[in-house]
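A short worksheet on the structure shown next.
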Amino acid sequence: MTINAAVYKAGLAASAAGALIAVVGALMQATNVWHGGLVLGVTAFAIGAGFWPALRSYQFTLWIIAGFVAAMVYASELIIWGGFNITHKWIVFLVIQATMFSMGTKLTIQDFIDVAKMPWAVFVGTFCHFLIMPLLGFALTIMFDFPPEVAVGILLIGACPSGLSSTVMVYIANANLALAVSICAVSTLAATIMTPLWVNLLAGSLIDIKLMSMIMDVIKIVLIPIGAAILNDYLKSYASLRGRRIVQGLAALSACWLLFMAFGGWNSLFESASADAQMFAVVANFFAGGIIWSLFYNWLTQQKPKIQSYMPKVSMIGIIFFTTTAAAAGRDNLMQVGFLLCVAMLLHNLGGFSIGYLMSRFVFRMDVQSARTVAFEVGLQNGGMASGLAAAMGKLATVGLASAVMTPLGNVSGSLLANYWRKKDARAAKPAAQSSAAAEKPYSSEQTL
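So my numbering is basically just the index in the sequence shown, starting at one, shifted up by 1133.
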């Protein structure tokens, strides 16, 4: 028996035990017992589901659901550790940067070069994404009349770019993976401007939106970590000796700048400066840190190449973290609007799939595989980015609720749609293969009998 098989079986056994404990606890009306059994059951099942090959593509989704359930049951215990709140703004910033950097390592300079090979398709996907989802989110906030900050969360998730899960779903569905990567890359960069603009336009009347501050936050949590990942790709695949030395020089200057800031530079230059000057100085510090990190990561992967294979797991852990902490921080609010918010987010998600597919297929006349790709890139949002921006506003418990709900719902619906399309293609290919085999079968005199 392999190690994985043993782990899967242990997970299934623990899941069965958790389910039994939950049932017994519920019958005994022992809240602590059935709560513990429920969390054990769903968490262990997320581990054990890998035992069945058909469920392995759903394991990430099951982990998100497990985190969400745990957040609903143990809200304060999950976010308060020894009196310290793990949803503190700077912790969230570090986690979202790690998540975005790990996602960025799946993008390469070649991906952006490839955009030139299919500019129209990439434009259609990006255009549909930033048109359909913000406006659909706006329509839903009017339809359901949510509290202002919850409504802003819906508008925020609608204005975010596509994320990691969309590319995964495109791969499962046998759609146009190259197009998916290109749309993801372009929409992520475009989000630096498009996300704050849409939120300011649609949500400015609901809460106070500081447009320039939000743009700076997007630069810090999206553009800089993605840029650091692209710089690593340049160092790995394209940099000449002179180019590498230039990057090393910039890293040395960045290190000197950060040391200067740490040992009195901030106080002497920016302590009494305007809020805008301080904001730009913080962004400059993040840029400096991004250059240093990119060079260090490049060196690290040269020493330990296997590290690169762990980066997708880092991004998945980050997304699970944001889903869990946002749900835990906003549990009380979620208990009040949870059902309606789930309905609204499901409509948002399914509407993105449907309208994205129909527009790309019948308005822009794209082929079926590309239209499926656009559907996923439109319907699945970057929930981690939305949670990070909600935390930057100091409103993770309210503005962050929509992304906490949208992420598990989107992964479930996306997985179902991707597997449906994959199986549909397999069924369509089977008769064609049989017909081809019959046509190629050598003639035999026995066939005339």
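From the three backbone atoms N, C-alpha and C, an ideal C-beta is built for every residue, glycine too.
Inter-residue spacing [alpha-carbon to alpha-carbon] between residue i and residue j
i: residue 1138; j: residue 1194; result: 20 Å
i: residue 1267; j: residue 1241; result: 28 Å
i: residue 1530; j: residue 1462; result: 5 Å
i: residue 1548; j: residue 1449; result: 15 Å
i: residue 1399; j: residue 1226; result: 20 Å
i: residue 1509; j: residue 1258; result: 10 Å
i: residue 1222; j: residue 1525; result: 6 Å
i: residue 1404; j: residue 1215; result: 32 Å
i: residue 1376; j: residue 1369; result: 11 Å
i: residue 1427; j: residue 1362; result: 7 Å
i: residue 1187; j: residue 1489; result: 27 Å
i: residue 1578; j: residue 1305; result: In this prediction, residue 1578 scores a pLDDT of 41, lower than 50, which makes its location untrustworthy; no coordinate-derived value is stated.
i: residue 1439; j: residue 1456; result: 28 Å
i: residue 1176; j: residue 1494; result: 39 Å
i: residue 1340; j: residue 1503; result: 38 Å
i: residue 1580; j: residue 1562; result: Bear in mind that a pLDDT of 39 at residue 1580, under 50, signals an unreliable position, so the number given afterwards is only what the model happens to contain. Between residue 1580 and residue 1562, the C-alpha separation is close to 26 Å.
i: residue 1235; j: residue 1516; result: 15 Å
i: residue 1421; j: residue 1431; result: 16 Å
i: residue 1297; j: residue 1415; result: 27 Å
i: residue 1243; j: residue 1381; result: 23 Å
i: residue 1391; j: residue 1470; result: 44 Å
i: residue 1151; j: residue 1203; result: 13 Å
i: residue 1527; j: residue 1269; result: 25 Å
i: residue 1436; j: residue 1429; result: 11 Å
Extent of the continuous alpha helix (DSSP H) to which residue i belongs
i: residue 1317; result: 1310-1336
i: residue 1511; result: 1501-1512
i: residue 1219; result: First-last for residue 1219: undefined, no H or E at that position.
i: residue 1414; result: 1408-1436
i: residue 1456; result: 1440-1462
i: residue 1353; result: From DSSP, residue 1353 is part of no alpha helix (DSSP H); its letter is neither H nor E.
i: residue 1518; result: 1516-1525
i: residue 1403; result: Here residue 1403 belongs to no alpha helix (DSSP H), and DSSP marks it neither H nor E.
i: residue 1248; result: 1242-1248
i: residue 1292; result: That residue, residue 1292, is in no alpha helix (DSSP H); it is neither H nor E in DSSP.
Exposure label - residue i; buried when at least 16 CB within 10 Å
i: residue 1590; result: Here the chain covers residues 1134 to 1582 and nothing more, so residue 1590 does not appear.
i: residue 1350; result: buried
i: residue 1316; result: buried
i: residue 1482; result: buried
i: residue 1374; result: exposed
i: residue 1295; result: buried
i: residue 1505; result: buried
i: residue 1446; result: exposed
i: residue 1605; result: Summary: the structure shown does not reach residue 1605, with the chain confined to residues 1134 through 1582, and so no result is reported for it.
i: residue 1582; result: The predicted model places residue 1582 with a pLDDT of 30, which falls under 50 and marks its position as unreliable, so this point remains unresolved.
i: residue 1498; result: exposed
i: residue 1255; result: buried
i: residue 1396; result: exposed
i: residue 1271; result: buried
i: residue 1408; result: exposed
i: residue 1252; result: exposed
i: residue 1540; result: buried
i: residue 1293; result: buried
i: residue 1576; result: Unreliable positioning characterises residue 1576 in this predicted model, as indicated by a pLDDT of 45, which lies under 50. The coordinate reading is nonetheless provided below. Counting Cβ neighbours within 10 Å, residue 1576 comes out exposed, since fewer than 16 surround it.
DSSP-derived helix/strand/coil call for residue i
i: residue 1185; result: coil
i: residue 1303; result: helix
i: residue 1213; result: strand
i: residue 1578; result: The pLDDT assigned to residue 1578 is 41, lower than 50, so where the model puts this residue is not dependable; a value taken from the coordinates is nonetheless given after this. Of the three classes helix, strand and coil, the one that applies to residue 1578 here is helix, per DSSP.
i: residue 1609; result: A query on residue 1609 cannot be resolved here, the shown segment of the chain reaching from 1134 to 1582 and no further.
i: residue 1280; result: coil
i: residue 1161; result: coil
i: residue 1556; result: helix
i: residue 1156; result: helix
i: residue 1204; result: helix
Distance between beta carbons of residue j and residue i, contact taken as under 8 Å
i: residue 1485; j: residue 1265; result: 6 Å
i: residue 1355; j: residue 1248; result: That belief does not hold up - the Cβ atoms of residue 1355 and residue 1248 are roughly 18 Å apart, past 8 Å.
i: residue 1384; j: residue 1424; result: 5 Å
Check: residue i C-beta below 8 Å from any heavy atom of the ligand PLP
i: residue 1414; result: Judged by which ligands are present, the structure shown has none, so any question about the ligand PLP falls away.
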